[in-house]
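The listed protein sequences derive, respectively, from chains P and H.
Per my numbering, the very first residue in the first sequence carries number 432; after that it's consecutive.
Per my numbering, the very first residue in the second sequence carries number 4; after that it's consecutive.
To keep things clear, I will list the structure first and then write my remarks on it.
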Amino acid sequence: MLKTRVIPCLLLRDESLVKTVQFRKFGYIGDPANTCRIFNELEVDELAFLDITASKENREPNYKILREIANECFMPLSYGGGIRSIQMAEIIFNIGFEKIILNSYPFEKPNIISELAQAFGSQSIIIAIDVKKNFFGKYETFGLSGTVNKKKKPAAWAREVQDLGAGEILLTSIDHEGTWKGFDLDLIKQVADSVSIPVIAHGGAGNIEDIGKACSKGHASAVAVGSMVVYQKQGMGVLVNFPDKNNLSKVIG
Amino acid sequence: MITIIDYGMGNTGSIVNMLKKIGVKSLITSNPEEIAKARKIILPGVGHFDRAMEKINQNSLREILDQKALQEKVPFLGICLGMQLLTKSSEEGKCPGLGWIPAKTVRFHFPQESTLKIPHMGWNLVQRSTPSPLTENFETEHRFYFVHSYHAQVEDEKYSILKTEYGYFFDSAIQKDNIFGVQFHPEKSHRFGMRLLENFARL
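This is the structure in structure tokens:
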């Protein structure tokens with residue numbers, strides 16, 4: 432039996448962890464290394480880190496913080512933000528992260544995916560696809576932390592990155608992110624059914640039932656969670672937590 | 004002290020981090036003279052089978068590794084691709100493996116209608132098949148993090164020390180005498196991996 436992964440997805444901004452709502456409104460969560468230490472003690476399945484300002488500021492990843500995190504975390508780690516070359520990826524892998532996440536740069540240079548997959552294997556390359564519904568209710572794909580409309584249909588872009596060698600897709604609904612109202616199941620299903628690689632559903636998880644639905648109805652292979660693992664409840668204070676294993680196993684296989 | 008072989012295939016960093024956490028010193032090296040002094044060896048690895056064998060042969064590591072594992076019989080642990088290299092061959096490539104454990108590496112094979120994805124990625128349980136000092140004091144639901152498309156298949160069940168189910172039961176850890184191999188990543192598996200690496204450090 433393979434356990435469905437539930438992955439806290441943590442956002443890095445100016446050396447702090449923050450939580451956003453629909454990619455805006457930055458709420459301060461805490462120090463990255465300390466927060467990770469707590470997640471490590473909670474024995475979470477995997478952790479994902481996204482530096483949400485690296486690409487916008489056109490700078491390299493903050494390797495110092497990544498090193499602090501890797502020293503304390505004994506689970507799979509992935510990192511995204513500002514990665515533009517094999518060399519940068521190599522530094523991140525050597526620090527002890529085993530997956531890298533790309534979102535913006537592949538729009539400019541799709542071949543970077545093939546180059547990275549050839550050098551490090553597809554299993555280590557995640558492509559993050561950020562999606563917003565437009566005025567007419569159609570899904571559109573965005574780059575640079577949801578600020579630039581790339582005019583691509585999510586399912587088509589997902590197939591394209593899969594063919595280029597991506598190993599997984601981190602699919603985020605910008606409209607649902609940080610809202611606690613549940614995942615966008617239509618979006619997840621649309622993308623998950625278009626590719627054969629695992630899709631990690633992200634954006635909107637408010638309780639463990641939502642997590643179950645993302646898998647059973649959305650066909651996601653894994654689920655990323657934000658608000659519900661860093662806040663006590665919606666609208667309440669910061670509390671790093673993780674759903675109980677027994678309760679989780681009731682909703683996911 | 005555990006010597007970790009650095010041949011340009013895979014993240015040695017996380018193995019060092021976990022060993023540090025359990026109070027075991029380690030040295031990362033690709034230098035045959037340093038490897039000659041090793042008392043225990045870990046061979047990590049992520050990537051393509053042939054590329055890894057080529058790197059081992061190019062860096063003239065083959066001779067010293069054979070010497071340590073087969074003549075001196077130091078405890079030797081292959082992780083992930085490092086485990087697959089211990090077998091005779093792999094369906095991933097054409098190069099022969101180190102061939103120290105009577106086994107071959109094969110790709111996951113599922114019926115056409117199967118919905119199981121390859122690679123096998125995520126946490127999964129292990130079951131002891133043959134008792135081994137490497138797997139002592141495991142918990143009832145001992146789990147590890149896996150990410151792989153190929154797996155070992157032993158020639159004789161006595162070389163299989165752990166099995167894991169993904170579509171069918173495959174050999175997730177193998178052993179022959181002083182030579183051990185694990186398909187999963189103990190360095191990424193919380194206290195479950197620490198237990199295994201502690202067991203290895205105690206050998």
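Glycine residues also receive a C-beta, built at the ideal position from the N, C-alpha and C atoms.
- Message: Suppose contacts are defined by Cβ-Cβ distances below 7 Å. Is Ile517 (chain P) in contact with Ile523 (chain P) by that definition?
- Response: no
- Query: In chain H, which residues lie with their C-beta within 8 Å of the C-beta of Met506 (chain P)?
  - Reply: Tyr148, Lys191, Ser192, His193
- Item | Sequence-distant residues of its chain with Cβ nearer than 6 Å to Ser17 (chain H) (five each side left out) | Glu190
- Item | Among P:Phe567, P:Ala559, P:Thr572, nearest to Pro629 (chain P) - alpha-carbon criterion | P:Ala559
- Query: Among P:Tyr536, P:Gly657, P:Ser680, which one has its Cα closest to the Cα of Leu443 (chain P)?
  - Reply: P:Gly657
- Message: Using a Cβ distance threshold of 8 Å, determine whether the stretch 38–48 of chain H contacts the stretch 106–115 of chain H, with at least three qualifying pairs required.
- Response: no
- Query: Which same chain residues, not among the five before or five after Arg498 (chain P), have their C-beta less than 6 Å away from its C-beta?
  - Reply: Ile526
- Message: Could you tell me which whole alpha helix (DSSP H) segments of length 4 or greater appear in the stretch 585–639 of chain P?
- Response: 585–595, 616–623
- Return yes when the Cβ of Ile438 (chain P) is within less than 7 Å of the Cβ of Ala464 (chain P), no when it is not. no
- Using a C-beta cutoff of 7 Å, does Trp126 (chain H) count as contacting chain P? yes
- Message: So for Val661 (chain P), helix, strand or coil by DSSP?
- Response: helix
- Task: Would you tell me roughly how many angstroms separate the C-alpha atoms of Ser553 (chain P) and Val150 (chain H), rounded to the nearest one?
- Result: Rounded to whole angstroms, Ser553 (chain P) and Val150 (chain H) show a C-alpha spacing of 11 Å.
- Task: For Leu128 (chain H), name the three-state secondary structure that DSSP assigns.
- Result: strand
- Query: Ends of the beta strand (DSSP E) at Asp561 (chain P)?
  - Reply: 556–564
- Within chain H, partners of Gln593 (chain P) - CB distance below 9 Å: Near Gln593 (chain P) there are no residues of chain H at all, since even the closest Cβ is about 12 Å away, more than 9 Å.
- Message: Extract the residue ranges of the beta strand (DSSP E) inside the stretch 20–95 of chain H, only unbroken runs of 3 or more that lie entirely within it.
- Response: Entirely contained in the stretch 20–95 of chain H, the beta strand (DSSP E) runs reaching 3 residues are, in chain order, 29–32, 44–46, 79–82.
- Looking only at its own chain, which residues have a Cβ that is under 7 Å from the Cβ of Val77 (chain H), when we skip the five neighbours before and after it? Ala41, Arg42, Lys43, Ile44, Lys71, Asn181
- Would you be able to state if there are at least three C-beta pairs under 8 Å between the stretch 94–107 of chain H and the stretch 131–141 of chain H? Touching, no, given that fewer than three Cβ pairs across the two stretches are closer than 8 Å.
- Query: Using a beta-carbon distance cut-off of less than 9 Å, what residues from the stretch 542–561 of chain P approach chain H?
  - Reply: Ala550, Phe551, Gly552, Ser553, Gln554, Ser555
- The alpha helix (DSSP H) enclosing Ala548 (chain P), as first and last residue numbers: Its alpha helix (DSSP H) spans residues 542–551.
- Task: Would you mind giving the Cβ-Cβ distance between Leu533 (chain P) and Ala479 (chain P), rounded to the nearest angstrom? I have them listed as a contact below 8 Å.
- Result: Incorrect: roughly 13 Å between the Cβ atoms, too far for contact.
- Message: Tell me the DSSP secondary structure of Arg110 (chain H) in three-state form.
- Response: If DSSP states are grouped into helix, strand and coil, Arg110 (chain H) belongs with the strands.
- Query: Are Ile639 (chain P) and Val682 (chain P) close, meaning C-beta to C-beta below 7 Å?
  - Reply: yes
- Residues, ordered as in the chain, of the stretch 459–481 of chain P that lie near chain H by beta-carbon distance below 7 Å: From the stretch 459–481 of chain P, only Glu474, Asp476 have a Cβ closer than 7 Å to chain H.
- Message: Given this structure, state the Cα-to-Cα distance separating Gly11 (chain H) from Lys58 (chain H), to the nearest angstrom.
- Response: If you take the alpha carbons of Gly11 (chain H) and Lys58 (chain H), they lie about 8 Å apart.
- Near His145 (chain H), what residues of its chain come up, given a Cβ to Cβ distance below 6 Å and the 5 sequence neighbours on each side ignored? Only Val129, Phe195 meet the Cβ criterion.
- What number of angstroms, rounded off, separates the C-alpha of Glu608 (chain P) from the C-alpha of Gly635 (chain P)? When rounded, the distance between both Cα atoms is 5 Å.
- Message: So Ser509 (chain P) contacts chain H; which residues on that side make the cut at Cβ distance below 9 Å?
- Response: None at all; the shortest Cβ gap to chain H is about 11 Å.
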